[in-house]
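If you're matching them up, the sequences are chains A and B in order.
Each residue of the first sequence is one higher than the one before, counting from 835 in my numbering.
Each residue of the second sequence is one higher than the one before, counting from 835 in my numbering.
We treat Cβ as the ideally placed atom computed from N, Cα and C, and that holds for glycine.
A short worksheet on the structure shown next.
There are 2 protein chains.
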Amino acid sequence: MPVPKGTSLDPARTRDAILAAATEIFYRRGLDGVGVAELCGVVGASKETLYRHFGSKDGLIGAVLDERSDRITRWLAGTVDTAGPDPGDQLDAVFDTLGGWYAEPGFRGCAIVNAAAQRHDSPALEVAVRHLGRYLELLTGIAERAGAAQPALLGRQLLILLEGATVVADHHDPGATAAEDAKRAARALLAQATRKASVT
Amino acid sequence: MPVPKGTSLDPARTRDAILAAATEIFYRRGLDGVGVAELCGVVGASKETLYRHFGSKDGLIGAVLDERSDRITRWLAGTVDTAGPDPGDQLDAVFDTLGGWYAEPGFRGCAIVNAAAQRHDSPALEVAVRHLGRYLELLTGIAERAGAAQPALLGRQLLILLEGATVVADHHDPGATAAEDAKRAARALLAQATRKASVT
DNA sequence: CAGACGTCGAACCGATCGGTACTATCTCCT
DNA sequence: AGGAGATAGTACCGATCGGTTCGACGTCTG
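Laid out in structure tokens, this is it:
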């Protein structure tokens, strides 16, 4: 039966359902680890519907990564906003939030960086560049508000800590200390960058 | 013609040739981005030869990652050995070496971490865990020799910097400063950890 | 009520996938 | 000299790939 009797016809909702299912399964199994047919089976949609909404598998991948980057960025910016006015507290909030993410079951690293690792062109690379740019903007803002001597430098260093902690948490973090380790390092760099007599 | 007239028959060399070609093409195009047939065409070997040496594509992937991890670890340890006795100099050597790698044309991030991003089981994950463990051992050794208050902590933080710099260099490093940024951060953390009145 | 639109389910397409089998031919070792 | 082992080349296997097409049937909008 096409279109089960009684369902409300809502293209936007259908699109969102495909997007949500694809986001989860692409993250868990990798972009090449699942075919379009299986994906359609999981979400309960037909291939025609998927291709009408996204045009191609690459189009779907692009949409998934776009949406995920937007959501993560909003989520992280939200934790900064609710952390109060102190830049140090904001930094703590960022890494505490990351720590919560690392501890979630099914954590597999950053979906966007992972995607860029397996498709070094297509939409994935562009989304990754933009995604890290957003992170950098957020972190540099904290560095500026803290009065760091070289906020751009500190922002880049904080980005390195963030991405490094994510990789380490994914692949080598027996004590689950990556977020805490990175937080301490971030605090130390912040303190050093805001000291009056600053080193290099 | 099977076995071109005049070639020396050397299974080990054949194996190495396949391994070298696979290492390059897997790194550039991703594990799923190239098929066994194309790979055989590039290296000039037959499928039977490949399967006799490696058993399966996954076996080949495992061998590629194993060999690459060994080689990178030796390479990095070598730069530390030739950097002299000062732990600070050794740390500089590590990140300077990384900076040279980042600047190479065709740099695509850490092949092993990339592989683990697209195959979160199989041999890739185990090799990644071991690979980061080797890095951690190297960095913790530097931290110990420097007399850090908490060498294990500093080692883990240095690992985060190393991996973070690699990711950032791959995806968002317009000024190609990632290695230098990480080096400065590493130096700052080392200085802080070796100060007598140390902050947590 | 009528047409436009959305959707499912299935069939189908050519291409490619990882992997196997076999033959002809060459090198190496005794 | 002769057997054993290694190799290229090719054909082949079933499965799956991304993608297209079509008909039946449903909802939505006028």
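Check: Residue 905 of chain A beta carbon near the ligand ZN (any heavy atom closer than 6 angstroms); Outcome: Looking at this structure, you won't find the ligand ZN or any other ligand, since it has none at all.
Check: Min CB distance residue 984 of chain B to chain A below 7 angstroms; Outcome: no
Check: Sub-7 angstroms separation of residue 929 of chain A and residue 1027 of chain A beta-carbons; Outcome: no
Check: Contacts of residue 1019 of chain A in chain B (Cβ-Cβ under 8 angstroms); Outcome: 991, 994, 995, 1019 and 1023
Check: Residue 1029 of chain A, buried or exposed, once every other Cβ within 10 Å from all chains shown has been counted against 16; Outcome: exposed
Check: Cβ separation of residue 952 of chain B and residue 866 of chain B, assumed to be a contact under 8 angstroms, to the nearest whole Å; Outcome: 7 angstroms
Check: Cβ-based contacts, 8 angstroms cut-off: residues of the region 929-946 of chain B near chain A; Outcome: 942 and 943
Check: Residue-chain proximity (residue 914 of chain B, chain A), Cβ-Cβ < 7 angstroms; Outcome: no
Check: Interface flag, residue 1015 of chain A vs chain B, CB-CB below 7 angstroms; Outcome: yes
Check: Chain B contact for residue 910 of chain A (CB, 7 angstroms cutoff); Outcome: no
Check: Contact set for residue 927 of chain B: own chain, Cβ-Cβ below 7 angstroms, skip 5 residues either direction; Outcome: 913, 914 and 917
Check: Proximal residues of chain A, C-beta to C-beta of residue 870 of chain B below 7 angstroms; Outcome: Under the 7 angstroms cutoff, chain A gives no residues; its nearest Cβ is about 15 angstroms from residue 870 of chain B.
Check: CB contact below 7 angstroms: residue 924 of chain B versus chain A; Outcome: no
Check: Within 7 angstroms of chain B by C-beta, residues of the region 999-1013 of chain A in sequence order; Outcome: 999, 1001, 1002, 1005, 1006, 1011 and 1012
Check: Touch test, the region 941-948 of chain A against the region 997-1008 of chain A, Cβ-Cβ under 8 angstroms, three pairs minimum; Outcome: yes
Check: Residue 890 of chain A versus residue 921 of chain A - alpha carbon distance; Outcome: 43 angstroms
Check: Beta-carbon spacing of residue 1019 of chain B, residue 1023 of chain A below 7 angstroms; Outcome: yes
Check: Test item: CB-CB of residue 998 of chain B and residue 998 of chain A under 7 angstroms; Outcome: yes
Check: Exposure label - residue 902 of chain A; buried when at least 16 CB within 10 Å; Outcome: buried
Check: Identity of the residue in B/958, B/892, B/925 and B/859 nearest residue 988 of chain B by Cα; Outcome: B/925
Check: Any C-beta of chain A under 7 angstroms from that of residue 966 of chain B; Outcome: yes
Check: is_contact[residue 951 of chain A, chain B] using C-beta, thresh 7 angstroms; Outcome: yes
Check: Distance CB(residue 976 of chain B)-CB(residue 995 of chain A) smaller than 7 angstroms; Outcome: no
Check: Listed by chain order, chain B residues near residue 987 of chain A by CB distance under 7 angstroms; Outcome: 1015
Check: Runs of alpha helix (DSSP H) lying entirely within the region 941-979 of chain A, each at least 4 residues, in chain order; Outcome: 945-952 and 956-979
Check: Near-chain B residues of the region 843-866 of chain A (beta-carbon distance less than 7 angstroms), N- to C-terminal order; Outcome: 864 and 866
Check: Residue-level contact to chain A via CB, residue 876 of chain B, 7 angstroms cutoff; Outcome: no
Check: Chain A contact residues for residue 898 of chain B, given Cβ-Cβ distances below 8 angstroms; Outcome: By Cβ distance, chain A contributes nothing, its closest Cβ being about 15 angstroms from residue 898 of chain B, past 8 angstroms.
Check: Any chain A beta carbon closer than 7 angstroms to residue 927 of chain B; Outcome: no
Check: Exposed unless 16 or more other CB atoms sit within 10 angstroms - verdict on residue 1010 of chain B; Outcome: exposed
Check: Interface partners of residue 879 of chain B on chain A, CB under 7 angstroms; Outcome: The premise fails here: residue 879 of chain B is roughly 24 angstroms from chain A at the closest Cβ pair, so nothing lies under 7 angstroms.
Check: Cutoff 7 angstroms: residue 980 of chain B Cβ touching any chain A Cβ; Outcome: no
Check: Of the listed residues B/972, B/896, B/875 and B/974, nearest to residue 961 of chain B (C-alpha basis); Outcome: B/896
Check: Closest by C-alpha distance to residue 892 of chain A, when choosing among A/992, A/979, A/964 and A/949; Outcome: A/949
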